[in-house]
Structures are given as structure tokens and as C-alpha cells.
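Report on the structure given below.
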Amino acid sequence: MTERDLRKLEATIRNKMEEIKKQRVSLKDSGIGSLMNMLKKVDEASYEKIMPEYKKMVKEFNIFK
Numbered sequence: 006m007t008e009r010d011l012r013k014l015e016a017t018i019r020n021k022m023e024e025i026k027k028q029r030v031s032l033k034d035s036g037i038g039s040l041m042n043m044l045k046k047v048d049e050a051s052y053e054k055i056m057p058e059y060k061k062m063v064k065e066f067n068i069f070k
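In my numbering, the protein residues as written are 6 to 70.
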């Protein structure tokens with residue numbers, strides 16, 4: 006995966022997080038979990054950077070269970 010692809014993946018994850026926060030899409034339907042797993046395989050540092058924000062978002066915005 007190129008640096009450009011990595012940045013696109015990070016942007017997609019952040020975009021999905023914003024959509025979940027705005028309740029446009031549910032956590033389950035967003036597919037963000039698979040994107041996070043993909044990011045972890047490709048770049049552990051970026052994954053570790055986004056993970057605390059992701060956990061906070063899941064805790065606060067998981068209203069669609």
C-alpha cells in the first residue's frame with residue numbers, strides 16, 4: 006500500500022467516524038471495523054493514533070445497537 010493509499014484510508018475512517026457521530030449511519034452499517042483492521046495490518050502507528058478517538062466515539066455514539 007502506498008503512502009497515498011494509507012492517507013486515503015485514514016481519511017475514510019475519519020469520515021465514517023463523523024457520519025456515525027452525526028447519526029447518518031450506524032456503527033454496524035458503516036463498515037468502520039474492517040477499515041480499522043485493514044489500517045492495523047498496514048500501519049500500526051496510524052492505527053494507534055486513531056484508536057483512542059475511535060473507542061471514545063464507539064462509547065458515546067453506539068445508539069443503534
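Backbone N, C-alpha and C define an ideal beta-carbon position, used for all residues, glycine too.
Local conformation of residue i per DSSP, three classes
i	result
Met62	helix
Limits of the unbroken alpha helix (DSSP H) element including residue i
i	result
Arg19	Glu8 to Lys26
Asp48	Asp48 -> no alpha helix (DSSP H), and no H or E assigned at all.
Ser35	Leu32 to Ser35
Residue of the options minimising C-alpha distance to residue i
i	options	result
Arg12	Met41, Phe66, Pro57 and Glu65	Met41
Backbone CA spacing between residue i and residue j [nearest angstrom]
i	j	result
Ile55	Lys61	10 Å
Asp3	Ala16	Residue 3 lies beyond the stretch modelled for the chain, which goes from 6 to 70, so this question has no answer here.
Ser35	Gln28	11 Å
Asn20	Ser51	15 Å
Integer-rounded CB distance, given that residue j should sit under 8 Å from residue i
i	j	result
Ile32	Val63	The residue you asked about is not Ile; residue 32 is Leu in the sequence shown. With a Cβ gap of about 7 Å, Leu32 and Val63 count as contacting.
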